[in-house]
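Numbering (our numbering), first residue to last: 1 to 225.
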């Protein structure tokens with residue numbers, strides 16, 4: 001694919017085929033992603049790529065603990081809930097997804113099932129856990145760098161025909177993730193990425209979220225025009 005086609009065509013995939021993803025292909029994607037920039041080439045990121053029975057155990061543990069009311073235990077710091085225009089954008093994409101999936105506003109069962117899909121990593125055949133070196137905990141640059149490599153990873157995946165969605169639901173119960181993924185103590189769990197072959201018949205996969213215009217997002221300074 002051309003670069004523009006990847007950037008303009010990529011979207012978050014929340015429904016996957018069960019087909020396995022070859023390890024060599026994932027290695028190729030990660031190698032591409034790690035060309036992302038980082039502060040003074042610090043490269044704080046690491047990846048735990050999980051599939052098969054270990055991933056099934058994480059799915060089950062996440063779901064069981066959340067349904068049991070066990071408080072979430074994400075390791076990367078959590079900010080305040082979105083408000084104002086940021087909350088409006090969050091609500092708008094939720095409306096698009098629920099509309100595509102035929103989930104009515106008052107259908108509590110289907111809404112809960114949708115939430116549980118997130119805890120199950122959207123039933124994708126592969127989960128990539130992005131971690132960073134604990135020695136860098138509190139660094140202002142580290143989250144920026146991990147965001148850069150995560151964006152590069154989902155774009156590289158798309159360029160190879162794979163779909164992905166960046167999410168936090170899959171790491172809400174960090175003890176479960178640590179146990180079954182064997183994550184080292186010197187790593188902080190930051191984010192998860194569901195990865196696999198897109199199921200093009202899954203309605204939510206057709207949803208394309210809206211973007212602000214260049215005019216809304218940008219201030220030009222010192223230009224003649």
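Just so you know, even glycine gets a beta-carbon here, dropped at the ideal spot from N, CA and C.
A quick note: this is a predicted structure, and the numbers were derived from the prediction, not measured.
Going by C-alpha positions, residue 31 is about 34 Å away from residue 96. Residue 13 counts as buried, since no fewer than 16 other beta carbons sit within 10 angstroms of its beta carbon. When Cβ pairs closer than 8 Å are counted between the two stretches, the segment 168–181 is seen to touch the segment 51–61, the count reaching three or more. In this structure residue 42 is in contact with residue 145, their Cβ atoms being roughly 7 Å apart against a cut-off of 8 Å. By the Cβ criterion, the segment 155–171 is in contact with the segment 187–202, since at least three pairs of Cβ atoms, one from each stretch, lie closer than 8 Å. Non-local C-beta neighbours of residue 134 in its own chain, meaning closer than 7 Å and more than five positions away in sequence, comprise 186, 187 and 188, ordered along the chain. By the CB criterion at 8 Å, residue 157 and residue 36 fall outside the cutoff. Between residue 194 and residue 121, the beta carbon gap of about 5 Å places them in contact (Cβ cut-off 8 Å). Assignment of residue 203 by DSSP, reduced to helix, strand and coil, places it in the helix class.
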